[in-house]
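Structure first, then comments.
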Amino acid sequence: MGLEAEDDHTVPGTPGYLDPASFPSASITVKALYDYQARNDDELSFPKHAIISNVDSRAEGGWWRGDYGGKRQHWFPSNYVTEIEPQHNKDESSGDSLLLGNLQKGSLDVVGAVVEVVPASGGIHRGLECLLRLHNPSMTHVLEVGAETREEASEWMRTIKETAQSASVRETQHKAMERAFRVAKEMSVLIVYCRSVAFNLDKAKKRFVYNEMSSFPETKGEKIMCVQETPFFLKYHQIQFSRVYPKGQRIDSSNYNPVPLWNVGSQMLALNFQTPDKAMQLNHAKFRLNGGCGYLLRPSFMFSESYDPYDPTMLCGVPRVKVLLRVLAARHLTRSGRCTTSPFVEVEVQGADYDTGLKLTTKTVSDNGFNPTWNEACEFMVHNPEMALLRFVCQDEDMFGDSNFIGQATYPVSSL
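Residues 1 to 416 in UniProt numbering are what the sequence shown spells out, letter by letter.
Structural data, given as structure tokens:
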């Protein structure tokens with residue numbers, strides 16, 4: 001009895017799996033660890049550091065086969081070599097980053113390289129008197145360059161050795177400098193714009209150094225920048241950077257209010273990003289501007305000599321904004337673990353000290369988180385809209401009169 005194939009795509013007799021051993025193994029390249037002299041005609045002879053290509057390592061008994069010195073697939077002991085990573089050809093379009101453009105096909109590290117001049121053999125070396133042989137332990141192949149005369153080859157060898165010696169001297173000098181200054185070169189090249197220094201008020205008052213930056217814990221930053229030395233730090237932040245970070249006592253990863261420090265010009269305020277509290281919500285709202293790229297230009301009035309973050313009459317050329325707002329309704333307001341909610345909405349402004357405050361609190365809609373409506377309006381002035389953030393908070397009032405957070409949304413007033 002025979003069986004016919006249900007379609008034309010089945011092939012009788014095809015095995016159900018493929019043996020990986022049936023595929024030819026990818027050829028590898030190895031480098032000789034020791035010299036080896038062949039004992040039989042089917043073996044390879046090679047010096048230390050020789051590169052053997054197209055190696056077949058599937059053979060057993062400690063012997064592999066490969067190509068070297070014009071011989072193909074001859075045997076050699078596997079414990080005399082080590083496998084090296086193959087070099088892939090780079091895209092020719094990358095020539096723009098090379099010194100000589102597409103004319104440059106590669107480069108060699110001559111520091112520690114072995115350079116020698118050897119007589120040229122016949123065959124492919126016909127017409128050449130000498131070969132310049134160069135090898136570096138990091139190279140996968142020995143480089144051989146032909147020369148028509150021994151003088152030319154010797155001149156190249158002398159130039160390469162002088163270049164390698166000069167590079168070695170520079171490397172030694174760099175290492176000595178790293179030990180003397182305790183600064184690694186790799187780390188030093190990353191420090192382009194500023195260096196971190198401990199803040200000294202007396203020294204800072206004598207002169208500003210644009211490429212120096214100081215860090216402050218939040219308690220010191222709020223005290224010295226926002227209270228004691230506000231006029232000084234308004235000028236300081238026109239020239240230098242400051243960083244403020246949470247105090248060590250915040251073991252719960254809570255955050256400080258960044259708004260007052262923004263108002264006096266501090267450029268970098270570190271927050272605990274893992275905590276989505278009010279401070280982090282304000283931070284996200286602040287950097288909604290400029291496409292959310294994380295970088296904002298400070299308003300031009302902050303560079304005015306008359307600017308005072310606590311006095312609205314000192315704002316120069318900043319038009320006030322009148323906000324007319326009506327809270328209409330909401331939909332599907334829920335809290336985890338509760339079937340019903342009694343929501344209400346708070347509207348507040350966070351910004352300059354004279355603008356900050358609660359502007360509206362709606363009535364509570366009892367036991368209706370599905371479609372509560374308020375239809376309540378408010379009107380207020382914002383004297384410094386460039387620094388102001390408008391925040392909407394929806395809360396749930398429980399049976400004890402306590403407020404429980406449901407959700408929020410915060411936006412820069414200047415983007416409305």
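Each residue gets a CB set at the ideal place from its N, CA and C atoms; glycine is no exception. Note that the structure is a prediction, hence the values are computed from the model and not measured.
Rounded separation between Phe76 and Val110 - CA only: If I take the Cα positions, the gap works out to 30 Å.
### Message
Taking only three categories from DSSP, how would you classify Gln240?
### Response
Assigned with DSSP and collapsed to three states, Gln240 falls in coil, not helix or strand.
Reducing DSSP to helix, strand and coil, say where Val169 ends up. Here Val169 sits in helix by DSSP.
What separation, rounded to the nearest whole angstrom, lies between the Cα atoms of Glu379 and Arg326?
-> Distance between the alpha carbons of Glu379 and Arg326: 9 Å.
On the criterion of 16 or more Cβ atoms from any shown chain inside 10 Å, does residue 481 qualify as buried, or is it exposed? As shown, the chain starts at 1 and ends at 416. That puts residue 481 outside it, with no answer to give.
Q | Assigned secondary structure, Gly407 (DSSP; H/G/I helix, E/B strand, else coil) | A | Strand.
key: Beta carbon of Pro412 nearer than 7 Å to that of Leu289   = Result yes, Cβ atoms of Pro412 and Leu289 sit closer than 7 Å.
DSSP three-state label for Pro77, please. In the three-state DSSP reduction, Pro77 falls in the strand class (E or B).
Nearest to Tyr210 (by Cα), restricted to the options Lys235, Ala164, Val259 = Shortest Cα-Cα distance from Tyr210 to any of Lys235, Ala164, Val259 involves Lys235.
Using beta-carbon positions only, say whether Glu218 and Tyr256 come within less than 7 Å of one another. Yes, these two residues count as a Cβ contact at 7 Å.
If you compare alpha carbons, which of Tyr193, Cys194, Lys175 is closest to Lys185? Looking at Tyr193, Cys194, Lys175, the one whose alpha-carbon comes closest to that of Lys185 is Lys175.
_Here's the rule I'm using: 16 or more other beta-carbon atoms within 10 Å means buried, otherwise exposed. How should Arg150 be labelled?_
Arg150 counts as exposed, since fewer than 16 other C-beta atoms from the protein chains shown sit within 10 angstroms of its C-beta.
| Are the CB atoms of Gly351 and Met387 nearer to each other than 7 Å? | In contact: Gly351 and Met387 (Cβ atoms closer than 7 Å).
Could you round the C-beta distance between Thr373 and Phe344 to whole angstroms and report it? I think they count as a contact, below 8 Å.
About 12 Å separates the Cβ atoms of Thr373 and Phe344, ruling out a contact at the 8 Å cut-off.
What's the C-alpha gap between Lys161 and Val115? Going from the Cα of Lys161 to the Cα of Val115 covers about 8 Å.
For the alpha helix (DSSP H) containing Asp202, name the first residue and the last one.
Going by DSSP, Asp202 is part of the alpha helix (DSSP H) stretching over 201-206.
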